[in-house]
Structure formats: structure tokens, C-alpha cells
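A short write-up of the structure that comes next.
Number of protein chains: 2
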Amino acid sequence: MKINQFAQIDVDAEQALTELQNISLFTPTALTADLRTNLAHFLHRCFPEALTPSSQNEAIANLLLDQTTTVSAFLAAPTTLTAVQFYNLALQLLGFEATTDFDLADPLKFMRASQLAFADTSPLDNATLLTDIYLLLTTHTKLGLTYLDDLADRGFFATYTGPRPLFFNGKAQAVFDTRHLIKEVVYVEAPLDTDHDGQRDLLATTIIRPQVPAELKIPALYTANPYFKGINDVDDLLHNVDQELAVKSAADTPLPTSTTTLPKPRSVQGRAQQTEKIATDNSSYALNDYLLARGFASVYAGGIGTRDSDGIRTCGSVAETTSTIAVIEWLNGKRRAFTNRTDNIEIKATWCNGNVAMTGKSYLGTLAVAAATTGVAGLKTIIAEAAISSWYDYYRDNGLVVAPVDCQGEDTDVLAKLCLSRQKDAADYAKVKAIFADELAQLQAGQDRTTGNYNAFWDERNYRNQIANVKADIVLVHGLNDWNVKPRNVEKLWQALKTTGVQRKLILHQGQHIYINNMPSLDFTDMMNLWLSYQLYGVANNAPAVIPNVTIQDNLAAETWRGHHDWAPADRKRQLYHFTPTALTLEEPTDAAFVTFKDDNRQPFEQNKRDETRWLNDFITAAPAYAANQFRLKTAPLAQPLSIDGNVTVTLQAAVDQPTGLLSVLVVDYGQAQRLGTTPSMLERKGYRLNPAGQTDDLVEFKLQAATDYKLITRGHINLQNRQSNTTSLPVEPGSFYTVNFDLQPTYFRLAAGHQLGVIVYASDMGMTLRPQTVANYKLDLNACQLSVPFTKH
Amino acid sequence: MKINQFAQIDVDAEQALTELQNISLFTPTALTADLRTNLAHFLHRCFPEALTPSSQNEAIANLLLDQTTTVSAFLAAPTTLTAVQFYNLALQLLGFEATTDFDLADPLKFMRASQLAFADTSPLDNATLLTDIYLLLTTHTKLGLTYLDDLADRGFFATYTGPRPLFFNGKAQAVFDTRHLIKEVVYVEAPLDTDHDGQRDLLATTIIRPQVPAELKIPALYTANPYFKGINDVDDLLHNVDQELAVKSAADTPLPTSTTTLPKPRSVQGRAQQTEKIATDNSSYALNDYLLARGFASVYAGGIGTRDSDGIRTCGSVAETTSTIAVIEWLNGKRRAFTNRTDNIEIKATWCNGNVAMTGKSYLGTLAVAAATTGVAGLKTIIAEAAISSWYDYYRDNGLVVAPVDCQGEDTDVLAKLCLSRQKDAADYAKVKAIFADELAQLQAGQDRTTGNYNAFWDERNYRNQIANVKADIVLVHGLNDWNVKPRNVEKLWQALKTTGVQRKLILHQGQHIYINNMPSLDFTDMMNLWLSYQLYGVANNAPAVIPNVTIQDNLAAETWRGHHDWAPADRKRQLYHFTPTALTLEEPTDAAFVTFKDDNRQPFEQNKRDETRWLNDFITAAPAYAANQFRLKTAPLAQPLSIDGNVTVTLQAAVDQPTGLLSVLVVDYGQAQRLGTTPSMLERKGYRLNPAGQTDDLVEFKLQAATDYKLITRGHINLQNRQSNTTSLPVEPGSFYTVNFDLQPTYFRLAAGHQLGVIVYASDMGMTLRPQTVANYKLDLNACQLSVPFTKH
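Take a look at the structure:
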């Protein structure tokens, strides 16, 4: 077990004592007290569920200082306290088991192996005891929380009367009671009329916040969540992907444009201090829930077209961004909200200090990115996980329709319909059915599945175009195995942010499209607590310097996260690999060589019940049914490990016997090894506590799985007609050779020595591209093919 | 979607009005009011989250009565209300979506198909409106709750001032606030000293209960849960199953007996009104949580040898039962508990009305069965799910060591160690380490893995021996695909209970070892609410007559549960199947026929990484690697469906070329079909609400899976030396033929017409039996073999 605590910050002894005093653990007189007195005082506070000295003593009596000394015996008779004894005690308090987890003879060995912080001074004096206790309170338990969090969840702050909010080791603590939360709904008036009813769109906004004294203003964590009010079944809207690529004309089809005039704001008929609708929705993100008890309100809004709001869904449009930031503007005092949709009674966010952070994953994180690129006032930071930064990079690639994995046939129109949860209210839906049908037609025209080209529609949905507006500091989190929102989205945003002056942080994990808040190996929640305490409460915890610029989870070893200066910088050295008929080589080949492959997956794919996951596995292992449909090369076993960092690029010279063609590339790590799963394994259902009121998340961890023969590193696709750019269509003459050069998805991947780097060139990707029904024959001129791999020594 | 509501009870119009009045929905004057007035009054109460008339009107405005009539329009102008209109409205309130789920032109068609209750009188008059509203409140929403539960979860009872507890339609309602629960620990003094420390064992007991007025006494749902305080890793204690069967001697090995004297009770030093330790544990069962808000306390105890308690684990012994019922005796005022383990301050369960039900699954349910067989006062009923009724039937079968599936090598000693959570407290564990080592040795002697015979050790652990003591009414729940606690445990208990006078109910589902409280297709939670309201609060709801004696989930159709009079009665007709070399036949064969098979699974099993699940699949499909290790027969395709009900029995005449031998039998349904999964599929994570405070469970359902070629129906195993009984060992002469006749696990299984009934005879079962390493050769005399199948026309 390895525990990586990036957010455990160093403080000096004076600061430690002040903070211990803030939580009523020690007073300054402790410095002159006896060591045993201080230890006993501390231990009696370590069992907040035990309300009497007898009950506390019983709990203390369960602890051993070493194989032969009980803590009770130590407290009864004066002697020295060694570091070994103290850390035996500390580990038991942290939930580790003597003998099972660690050896009482050498607890420090376990602490080193687990990467738990400790101070190896022995014997302890009174002063080091206090700083060691401070350190212990900031150290993680077996269940992924700091020990102070663990104590808080067991009632430590039940009788706390000090200042609220409370910060300890730079992070906000659970001193607010979340048993009686205020849960309410207001209707924010957005400067939009997307449903063309002549009235500005009202947006139902859910606020969940702890009860605090009236004079305390608290910040808000806002999650814009189009799925918040439920989703619709869209199976019948999915596009057929079993079809030919189009022969494109050179000219772009002009898009229809529509102009609407914005109605005037509603005239305010009164002002209220109280909302009039209770929110009954479940929250959508455990990090928000965790921070509720620590003094951060949670705010959720579905946005235009979702249930209980006005408007229609427009998938990634400027209007959607306007809808998203309207809520921030209200929280920041710059826009109106009403208590209901009828009476025009205004209500202000008087409880809010005006500071807002956005959180969320996938579409939710995407809208955080969208909001940040407006520079809206009040938005101090975003924590965007697995976020889209350009919708073209979600649904298209190099002039091809390329679906997110497991989403074949989906597109902006399908997603718009999926999220139009107004459909759930029959009478309400009747009002917008026709308007929304028009919008779907416009989305279908704009997304243009026929050409797959980048156009004005996609350009509107490329948030990176507005990068210069960004004022909020940015945390980006992404899975290196996320084939839904592919890593290009985060990489291009990361690079673009370098042109701005904002603080930026990046965390890359080995998962696919998941949250990472609940793993013992990474103190993600603490990192975000530190960050948000700094951003929204102005706590001087040095968060931008403490949190690494880039944190990357290792793909070879479990529970290993490292800080890096950067990811995928443009100036990484590159290793060129050349193509011969039998291997990927470092030496440039001299003999001319051509190879051929077919594009004819259809029959075995049907036989395997159109199972896309199985297809990919069979394809990578060159199963007989697919062997003729690919050209596969491997390097010799690597003499040294290789750390790929950034965009692998591929150059191919290819001909096809059809007037259209596409090329797909997989880059693969071949070699038998146990590898991390891309979905974390369950450690304990409901094992991760979020607050003293008993809310939980599951406790999970990425685990090494049974040995496999390969691991997909990265992939990419291109339309042969788009060999010049994703906006320009050039003709394809059957039999003519064309050169394409394109980036595969960026990554950070360590290949172990002895493994082989592999590349597979093919055409249709059953899980991602259109699947032309005509059998095509491809030819590669190997001398003009190469793979360029950026690498690092780190 | 099919919804089976067994606990929705009929009441007359007068009773309905009284109950509506109890929840302040209507007063008796409603009978003389206008229909529209009553409907409007009701609808305004259907949105308890909307606190003002404007806000309520907005919610009402979202509803359609039919394709062209909004509810708002109907309420504005007088006209008739048809049943179609009312049930369109009702379905929307229940969370079903117009167009998507049902057709506004014919809502009753959907209600019939879903089995939702309705009253088809049209147009409605004022009186029928009221009874229809009553019916609607008791009908399930899309998410598996009654509509009144849904309203409660959204705040319906927030302003309720009527009587508590409140019963509606015979079931307790969520009128208690569970945001501020009392969570406390007491120490019950059991009449035991299992850790031989000269003091009676104190048992930590966790109580979770709502705050209620002092004069209200409430009943308790008690879950005895040995896993409650955590479990230990026991991998190094697992027994090696890759070994030969023993040649047994005829004589039984006598077991060591130990006698201990029971210390005197502690002398009480004072009495307390308040506990002094707060419980911080998570609860272990969602049904208990659901009932908390409805006026039932939850009580959890780990029992002897678990963390924070005295004693040691003894796995199924009489002492364990004594430990289990000590808590009931305290709740019922007949035993002492203390506030801590030091001061001998007594505390009474003054909040309890003395009525206790036990709940829980697996070991938890087992201890409920154990408690019931003592006849302990106060225990009114148990709801035992997947419970062991005799530990021999859990770890042994017919003189063989037979493991629960996925638990090869486990035994009573392993389980005792697994649950000895005192090990988690280092100093506490040191006190009992030696005593527990002695106990492990005794368990190992008693369980006697060498012979596998039934002996005094197992007889102590056969709760059915005490069936005559049972006073509590019994609900049994079991999975027909549970190969952990095998169905024999519930079937033999069910039959034994027929000799008692208690009420008994049985629910058989198609799952393996799971809970079934959170599925939309069955109102299990309501059934238990009805039952417990009757048992513990004495509500005259006729529960014993309302709930079917036996409820069985169909294995062919999804979401289909039917009431039956009995299961596996002894007098079921039987169909005999004879063995020929090529088929199972109805006609008795005339020609002599012998067949042979080997017992030699080892090599392919190792090659497949000892994957037991894969082994079973390969074995049933007669994969080449295993084809020589079995004799497999099928009937001709069935002309008629066949409903198997009870114990399939098998008679075999076999010889083996070794001095030991075992026979295993699988009975299989062969035929391509979509079949229900044995684990429910996730419908919505956290989608099943437990109470207004926001606690949830996942919403799940058994779904038809991708088509498969077969389904295992039942199985069984026998040691050839135990052909006479599980207590008598007879010698096996190599080459001699012996007749065995034994019951396979009981079941209820419907074979569709066109399918084939199959039987596989073999020796080692890699997932369940010992695996002899010597290759053995078996011979069957087919003329003396047959399969006897009990069947029913139902």
C-alpha cells in the first residue's frame, strides 16, 4: 500500500501549536507540561465516540506501544517514549493492524514503504511529541482520509465552539453540521430566449448549503450538470455508422444562420428573503458533498432545456455557455433570480461570498471549461475532469466521424435530445416540441456527418478559441485511458493555457472516464481542499506551489503518483521508428517495400455479435479473422525502458482502390505483464466517509490485474481526403499514393524494458469510425512511413 | 416492466377516508365537496417540495390529462373526469413518462401490463375520486416505492402533527425524523465466559433509533452480524483441497469435551439513564434503515469474539446462539447491559416495547434462525435471508467435504478466525490469542475434514434439532441459485417448521447469495413493513393472510413473482428418467449397459489457472478437455414444459478402481434462451430511497441476459463410503458396484417446451469437493441408474 499525500503541508512548530490550539487539543501551557500528560490528553481526544473517561480508557487500553508494553502501562509509569513506540501507536490510530499490516518491531519500515510522513526523532521530548501529533493529524488513515477527518467523522467537532470555517494544515475542516442542510431552488434569469417564447429563459438552480451564522458568507462549488434532472432514451436517434465515407466536394456547405432578438428582462414585482421550493434532488459529486461540512455550498443547475427550466438544449453552443455562466453571475450579484416562475419575486444569493469554483466530470467539466473561457467575474477556479475542450475533438477527427468509445452513432443532436429533460413533464414538453425539432435539424446540418469536416458549427464549439479570456485558475484531471473524452481535449487545452497568466494544474490518471476522489493512494480530495481553501477563502496555504504542476499516475507500478513540471511539451526529444515488412526499426530501410491490407471486418464482427470490445482485443492480438485487415509491426524487445510523453505522430504513404479511404493507427505495448485496470477496483463499498453526518462514497483503488499480453497506448484516425487539413477536402484517386501525417492521442506511457512497441495500421475502426460496407484494398509504401515518438528520461 | 405488489391491501371506502384523514389529505367534508375541489386539494399536496401556491401551480401545470387537456385547464372549467384522464394523471405522478412509457390514449393498457392496481370506473364521481386517490397512494412509483413513500421522501410529513407511529394501508409510514438519530453502544452481559477470563462476556451492542416522545416505546429490528466490526484475512488458514479422500474406519473418533463453569454476573454498581458511547458504525442492512423513519429501532451486535466485545468465535456453537439471544433478552428486559466495560453501571432498554424481530442475510440470517430455535421471549419474528439451518449442510454433504462455491478450503475454523475481529485491537487480541488457538484446534477436531461425516460437532450446529422450541413467526428468503448457502438449508427448515404452530412465509428468488429489498418488480420492503407492523406493533392488517405462503420468482419471464401454497411438498408427483448409453428416457431400458468415465480434471484445470467458474462452464458444455471425465445424458426435447418442484433424487450404481470414491451429479436445462442473471443488474445507483433524510440504496432488477445454451438446475455430491448414511462409513472395494441414492439440492425450476433435461455424472467437483490427485476410473451400470424428478402443474 502506497499513500501519496501531496497536500500535507509543512508548518513550523509555532504554527503547529497554534493550529492544535484552534482545535482545542493543546494550550500553550502544553509545552511546559509532562510528555505523558500530553500524550494522555491527546489519546483521550482520539476516541470522540467515548463520552466518559472510563469509556475512553477502555479504548486506550486496546493499544500497544510495542510487543510487551500497553499504552495504559506506559501512561501509568514514567519512562521514555521512542519513535518506534510512538509510530506503533500512530499506526494503530490510523487504522492499520499490528502483525497483519505492520510489524511492531519496526513500524517505520511500514511507514517508509507506505510513504506515510513521520519524524524520526527518538526518544521524543515534549516539543517533538506535539509536532509529531500535528503531523499525525494530517496523515492519512487506511481509508483515505486524514486522521483529523477520521476524528471529525467520529464526533471530534461535536462540541467545537471555535471559529468557523476552520482551517488546519491549510485545509478546511468539517465543523459545519450537514444533518440539517438548507436545500432550495431558485430560478436564474439567463440573457437568452432559446425556446422563443418571448421571455428570457429561467433556469432552475439547486442550492445545498450548511446553516451558518448570518454574518458568515460562504463560497459556492457550482456544478453545471445537464444530466441533473434525468436523461431521455435516444436509441432511435442514433446514426447508422455502417456506411460509406462520402466523396466530398471542395466547397463547404454554408450553414443556416438564425438571429433572435433577446426579450427584455422580467420586471421585478417584489423581493424575498426566503426561497419557496425545497430541492429534493440527489447531489452529483462526492467532492462537493465532502466540502459541504467544510463550509462550501453546492450549487447544481441543469441549464437550458432541462426539467423545470426554460429553453432547449443546443449542445455546446454559445447559448449553452451563456446559460452556464448566468448562475455564476447570480451568485456574484450580477444577475437576477426569482423564487418561482410565475410571480417575478427576486431573491439574492445573500449567503454567498461571491467566490465560485466549478466542478464536475465529462459534460459537467466541459461546461466548467466553457465558463472559464468567458472570463466571467466571480469564477475563481475550475476543477474540470475528463472535460471536452473542443466538441470536434469529441465527435470528429481529421475529417472523419469518430465516436467516443461505446457511443457509436452518437452526435451533438443525440446528446441534445438525451438532455432535453423537459420531455419528462408532458404538458411542459408540448410547449417546446416543435421548436426543439427545428433545433435538432440545425444541429444535424451543422454537425455535418457527411463530410466530417471542421466548420463554423464546430468552431463555435471550440472553447480554446476564447482562451485569452480565461481569468480563473484551472485544475484539469484526465484519464490516460479515457477513450470517451479523448486526451487530446485536455492536452490542447493545457498547451493553450500556457499562453495565459493563470495558475494551472494537471492530474493524469490511469483510468478511463472516471472520478478519482476516493482512492487511498492519492489525496485528491485534500489537494482540492487545499486549492479551494486558497482560491475561495483566501487561505495563505501556498497551494499553487504545494500542488505539483502535473501529477501523473504511473502505469507500471500500483499506487504510484509523481509530480512533474510539465506534460507533452513541444520540445520533447523524439525517437523515429521506420517501417520494414517485418519490424519497426531504428535504422532507415534501404530497400523499397510495399504491403497491402484489406478493409473487411464485417463478417467476423457480425459473428461476434457486434461486440466492439472483443473486436479491439481480437484486432490487437491479430486474431485470424482480422489478420488480413491490418498491417502490424513490432520493435525488437526494448533494451531500455521508454517513457513516451506527448503526441506520437505517424506518417503513412498509402493508396486505396476506392474513391474514398481512411486510415487508423493503434500503438501498442506488447509484453506479458500485470497491468493496472482502467477502472478502479472496489476496496470497500461505502468505505469512504464524506462527512460526520454519515454520507459516504465507495472506497476504490486501481489494482494490478491478471497478466495480459498487451496494452493499448494510443490511437488515431484520418480521412484520406483530409490529408491537408480537417477543413480542406481533396480528392482520392483509386490507386494513387498519398502521404498523411497526423498526431495520435497524446499520452504519458512507460514501456518496460523487454517489451515491444507495436503499431497497427488499418482502416475501419469498428468501435469509433464509420464502417464502409465496400471491401477496400489498401497499400502502404513502407519507405515513406514512420512513427515519431516523443520521450522523456523522467 | 412488471410490478408485483403483494402488500397493497384492500380497504373499504370508509377505512380509506379515515386513513386519508389521518394524513390530513381530506376531511369527511370532502365527500360533499366538488370533485374538482378535491382533485385540486390533492394535487397541491402532491408537490410537498413546493411551499407556495404559485410554486405548486407550476408543478401542476406540467401535467396532462390527455393529449389536449392540461390539468390546469381542467381545474379551471367544470367537466367530467374519465378514468383514462385520471390514470394519465396518476401515471405521471408515479414517475412514468407520457409517450415514452405509456400512451396518453390508453393508460390502462400500460397499467394492466405493468400490473399496477386501478379502479376502472368512469367518469369518476367525488367518492370514487377519493378511493382512487387512496389506491394511488398505495401504488408503486417507477422507482419501487409507494407513491405515499415518494411523497414522504419529498417532505410530505415535514409538517405532520398527527399520531406517531402512523400506519397507512397497514404499513408504517415515514413520520420520524432520521436526521438526528440516537446512535449508542451498550454492553450486554451474556451468560457465557468463552474467553475464560473469569468474567461473563460483555457484548458491544449498537442501537440506532429515532428520537421519539418518552411515552412511545418502539420495537427493535435486531441484526446479529459477526462481520459488523470488520473481518480478518484468512488466506493462510484455508485448507488444501487438492487431496485424496480418506479411507474411513467404521468407528467414529470421539470428540474432546470441555466443561467450563459460568462466572457469576457482575454486581451492579449503579444505574444510568444515558449511554456513554456513541455508535459510529455504518448499518448493515437497507431494510433496517428504511424502517428507522417508520418507528423501528435498529440493533446490531457482532457477538462473542468480535471487536469491542469479550469472548471468542466458536462458529455455530450453542455458545454463539446464547450470545445472539442475550441481546434480545436485554431488549425484552430479562438481561443486564452496562454503559461501559469497567464501571458496572447498568442501563435498561427503556425505549423498547420489548418486541424484537431479527433480520439479515447469510451468517446474519443464520443467527436469526439459531435464535428462533431457542424460543427466546420477545422474539416475535425473524426475516432470515439465505440462512444456514444446519452447518453440515453448509460445509459438508453425504460424508464429503463440500465447500460453498467460491469458498474452497473454508471451514468452521476459517470462519471463526475470519470473524475474530478482536484481532484488530492489538492489546485486546493479546489477551485471547492463546485461548483462541485452543478453540481453533477444537473446531478442527470437531469439523473433522478427514471423514466428512456428520458427528456430535455438526449435530450441535444443526438448528433444526431444536425446531420444537420455535415460537417466533418466520419469514425465509432464499435464492434458487445460491450455491453459497445451498437451498437445502431453507428447504429442510421449511419442512421442519410445518411441525410447529408458527406462521411461516417463504420467498424464493432467482438470485444467488443476495438481498432483494431494492427491486421494482417486487414490493419486498412493503411486504416486510406489513409483516413487521403486524408482528411488532400489533396492527390488524391481516398480514399472515395477505402475504402468500410461498412467493416464487419465475425463472423464464422477467419481473414475474407468483404466490404458491407450498414448496417442495413431500407428496409431489414424480417423473422417473432412465439412463441409456445415449439418452435420458421415460421408458425403462431392457439391454444391459455399462459406461465408464475418468476422474482426471487436474491438467486442464491448472491450465485454466484454477478458474472454478470456467471449469463449471466447460464441464457443462462437455468441452474436449473434460469430456472423458463425465457421463452426460439428455432427454429428447420436451414436448411440454416441466415445472420441477422439490428434491430431484438420483440413484446410481457405480464402481471405482480405487479404495475411495465420490460421485457428483449436475442436472441441467439445455436449450438456447435468454435467461435471468443470478445477480440483479443496476438500474440506478442510489436510486432507491430509504427515508426523507436522503439515505439510499441502489435500485436493481433481475434482467434477461444474452442468450445462453444451458442453465444449471441443481447438483449434489456423495462419498461412496457413505452410501448408507452420512454417519456410517462403509468400505469401498475397487471394482465392486455400489448403489447410492441421494437428494440433489431442492429447487423450483421451469423448463420450457423444446428444451432438454440433462444429467451429468462425474467425480471431483473442482469448485466444491476435495480434488483427489490419483486418476480414478469409474463405471456405471446404467440399468440401475435413474433420476426422479418431482413436478407440479402450477
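Protein chains in written order, with the working numbering: chain A, 1 to 794; chain B, 1001 to 1794. Note that the Cβ used here is the ideal one computed from N, Cα and C, for glycine as well.
With a cut-off of 8 Å, does the C-beta of residue 278 of chain A fall near any C-beta of chain B? yes
I need the straight-line Cα distance from residue 1725 of chain B to residue 1398 of chain B, nearest angstrom please. 7 Å
Is it true that the CB of residue 1301 of chain B sits closer than 8 Å to the CB of residue 1204 of chain B? Yes, Cβ-Cβ distance for residue 1204 of chain B and residue 1301 of chain B is below 8 Å.
Could you tell me which chain B residues have their CB closer than 9 Å to the CB of residue 180 of chain A, listed as they occur along the chain? 1179, 1180
Leaving out the 5 sequence neighbours to the left and right, which residues in its chain are closer than 6 Å to residue 1246 of chain B when beta-carbon positions are compared? 1450
Buried or exposed for residue 681 of chain A, going by 16 or more other Cβ atoms inside 10 Å? exposed
If we require 3 or more residues per run, which beta strand (DSSP E) segments fall completely within the stretch 1303-1335 of chain B? none
Inter-residue spacing [alpha-carbon to alpha-carbon] between residue 219 of chain A and residue 758 of chain A: 50 Å
How about residue 1299 of chain B and residue 1207 of chain B: do their beta carbons lie closer than 8 Å? yes
Suppose the cutoff is 8 Å on Cβ atoms and the five residues either side in sequence are ignored; what does the same chain contact list for residue 1028 of chain B look like? 1017, 1021
State yes or no: is the C-beta of residue 1464 of chain B within less than 8 Å of the C-beta of residue 1389 of chain B? For residue 1464 of chain B and residue 1389 of chain B, yes; Cβs fall inside 8 Å.
Less than 8 Å between CB atoms is the rule here; does residue 643 of chain A satisfy it with respect to chain B? no
Using the Cβ count rule (16 or more neighbours within 10 Å means buried), how would you classify residue 1501 of chain B? exposed
Any chain B beta carbon closer than 8 Å to residue 310 of chain A: no
Unbroken stretches of the beta strand (DSSP E), 3 residues or longer, contained in the stretch 1012-1069 of chain B: 1064-1066
Please list the partners that residue 63 of chain A has in chain B, where partner means a Cβ-to-Cβ separation under 7 Å. 1426, 1427
What do you reckon, are the CB atoms on residue 1196 of chain B and residue 1386 of chain B nearer than 8 Å? no
Span of the beta strand (DSSP E), counted from its first residue to its last, around residue 1701 of chain B: 1696-1701
What do you get for residue 159 of chain A, buried or exposed, if any count of 16 or more other CB atoms within 10 angstroms of its CB means buried? exposed
Would you check if the distance between the CB atom of residue 1056 of chain B and the CB atom of residue 1047 of chain B is smaller than 8 Å? yes
In chain order, what are the residue ranges of uninterrupted beta strand (DSSP E) at least 3 long that sit wholly in the stretch 753-788 of chain A? Entirely contained in the stretch 753-788 of chain A, the beta strand (DSSP E) runs reaching 3 residues are, in chain order, 756-762, 776-781.
Going along chain A in order, which residues have a C-beta closer than 9 Å to the C-beta of residue 941 of chain B? In the structure as shown, chain B starts at 1001 and stops at 1794, and residue 941 of chain B therefore has no counterpart that could be examined.
Residue 740 of chain A classed as buried or exposed, judged by whether at least 16 other C-beta atoms fall within 10 angstroms: buried
Examine the ligand FMN and report whether any of its heavy atoms sits within less than 7 Å of the Cβ of residue 1464 of chain B. The ligand FMN is absent from the structure shown, which contains no ligand whatsoever.
Write down the C-beta distance between residue 1013 of chain B and residue 1131 of chain B rounded to the nearest angstrom, noting that I regard them as a contact closer than 8 Å. 5 Å
Per-residue burial, residue 1775 of chain B [other beta carbons within 10 Å of its own, 16 or more giving buried]: exposed
Count the other CB atoms within 10 Å of the CB of residue 594 of chain A; is the residue buried (16 or more) or exposed (fewer)? exposed
Between the Cα of residue 1357 of chain B and the Cα atoms of B/1535, B/1697, B/1188, B/1576, which residue gives the shortest distance? B/1535
Is there a Cβ of chain D sitting closer than 8 Å to that of residue 1517 of chain B, yes or no? Structure shown: chain D not included; protein chains present are A and B.
Cβ pair residue 1062 of chain B, residue 428 of chain A closer than 8 Å: yes
Who are the neighbours of residue 1154 of chain B on chain A, taking C-beta pairs under 7 Å? 280
Can you tell which of B/1024, B/1346, B/1071 has its C-alpha closest to the C-alpha of residue 1040 of chain B? B/1071
What separation, rounded to the nearest whole angstrom, lies between the Cα atoms of residue 1007 of chain B and residue 1691 of chain B? 19 Å
Where are the beta strand (DSSP E) runs, 3 residues long or more, that stay fully inside the stretch 620-648 of chain A, in chain order? Runs of beta strand (DSSP E) with 3 or more residues, each lying fully within the stretch 620-648 of chain A, are found at 630-634, 642-646, listed in chain order.
Proximal residues of chain A, C-beta to C-beta of residue 1058 of chain B below 8 Å: 340, 341, 342
Residue 641 of chain A to residue 527 of chain A, Cα distance in whole Å? Going by C-alpha positions, residue 641 of chain A is about 31 Å away from residue 527 of chain A.
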